[in-house]
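Following the numbering used here, the numbering of the sequence shown begins with 183 at its first residue and continues without gaps. For glycine and all other residues, C-beta sits at the position ideal for the given N, C-alpha and C.
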Amino acid sequence: MKIQLSVLIISIGGAVLATFISVIAVLRLKKSQTATDDQKNSREVNLAMPSKTFEAELHQSLFQDWGHGVEGESFQDDKSNVYLEVYNHGNIPAENVIVEITVDFDEFNDFMKDHATLNGNDNHSFYLSKEEEKNVISFYKEETIKHEINVHHEELGTIYPDDAAKQGIKIHLPKWYIYLLNIKAFNESLDLFSLNIILVYKDQTNGNKLCTKEFMIEPEIHMAKREEDPANKKVNYRIKGELIME
183 MKIQLSVLII SIGGAVLATF ISVIAVLRLK KSQTATDDQK NSREVNLAMP SKTFEAELHQ
243 SLFQDWGHGV EGESFQDDKS NVYLEVYNHG NIPAENVIVE ITVDFDEFND FMKDHATLNG
303 NDNHSFYLSK EEEKNVISFY KEETIKHEIN VHHEELGTIY PDDAAKQGIK IHLPKWYIYL
363 LNIKAFNESL DLFSLNIILV YKDQTNGNKL CTKEFMIEPE IHMAKREEDP ANKKVNYRIK
423 GELIME
């Protein structure tokens, strides 16, 4: 009789435990389904721009684009080969995206006061000036290279969610910024002003309201090496670092 009672108690306990486990499973499934439904119902744009490591080898001059030799310079052709990529981690497209590349002009004015003229070896000098109300940076090589420091606008079009576009949209940085990074790699006292990337886009979920997403580039130089090549009477520069997006 005692054995039968024990078996009955164990059976009842097992049934209660099984019922409890089933209830927990149902609650978890319902919670998971609710989270999935919330995710589906949440329509948003989420623009992101990852940091990027770089490695450059320059010959003779620091006034070179990364990965290529010295190129023709002009105010109209101020893009470098160096680019960052912007992605949309949201679940709806970002439409009519415009990128603005700008500097912090308060920092830039301080930079002009501290580094209006920088003289260096190997003709790696520059100076800042105003020409017809424009901020201009001039680099000295065999001849003067000039670039206007202004706000750059460019239309990027539509940036689709990641599952629809595996590659990011490229945003090229200004050449003058790359030249200054090259100089900074070998001159720790050169405190650069901030370079900001602002993305403006339409928000479908809010009556096509214009929204902005801003990033600031924080460069880090991990290695800068100057190597002389007496046989060919040349100087080579090697630079490694990272463009950190904040």
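Kindly indicate which three-state DSSP category E289 falls into: helix, strand or coil? Residue state for E289 is assigned as helix, using DSSP reduced to three classes.
Limits of the unbroken alpha helix (DSSP H) element including K366: K357 to A367
Give the secondary structure of N388 by DSSP, where H, G and I count as helix, E and B as strand, and everything else as coil. Correct three-state label for N388: helix.
According to DSSP, is D296 helix, strand or coil? helix
K261 versus G389 - alpha carbon distance: Going from the Cα of K261 to the Cα of G389 covers about 34 Å.
Pick out whichever of Y383, F236, G272 and S243 has its Cα sitting closest to the Cα of S224. Check the Cα spacing between S224 and each of Y383, F236, G272 and S243: the tightest is with G272.
In this structure, how does DSSP classify G240 when only helix, strand and coil are distinguished? In the sequence on display, residue 240 carries Leu and not Gly. Reduced to three states, the DSSP call for L240 is strand.
Burial state of H297, where buried means 16 or more other Cβ atoms lie within 10 Å: buried
Pair every Cβ in the region 355 to 367 with every Cβ in the region 336 to 345, then say whether three or more of these pairs are closer than 8 Å. no
Sequence-distant residues of the same chain with beta carbon closer than 6 Å to I403, five excluded per side: A367 and G423
For V417 and E239, I'd like the C-alpha separation in whole angstroms. Here the C-alpha atom of V417 lies approximately 11 Å from the C-alpha atom of E239.
Compare the beta carbon distance of A276 and I341 with 8 Å and say whether it is the shorter of the two. yes
Who are the Cβ neighbours of D220 in its own chain at under 8 Å, not counting the five residues just before and after it? Legend: pLDDT at D220 = 46, less than 50; position of this residue unreliable, no value from coordinates given.
Does the region 364 to 380 come within contact of the region 278 to 297, defined as at least 3 CB pairs closer than 8 Å? The region 364 to 380 and the region 278 to 297 touch, with no fewer than 3 CB-CB distances between them shorter than 8 Å.
Supposed contact pair N317 and E336 - C-beta distance, whole angstroms, cut 8 Å: At roughly 19 Å, the Cβ-Cβ gap does not stay under 8 Å, so E336 and N317 are not in contact.
Only counting the same chain, and skipping five residues up and downstream in sequence, which positions put a Cβ closer than 6 Å to that of R420? E239 and K407
Candidates L363, D247, Y322 and F293: closest to P401 by CA position: The residue with the shortest Cα to Cα distance from P401 is L363.
Under the three-state reduction of DSSP, which class applies to H354: helix, strand or coil? Of the three classes helix, strand and coil, the one that applies to H354 here is strand, per DSSP.
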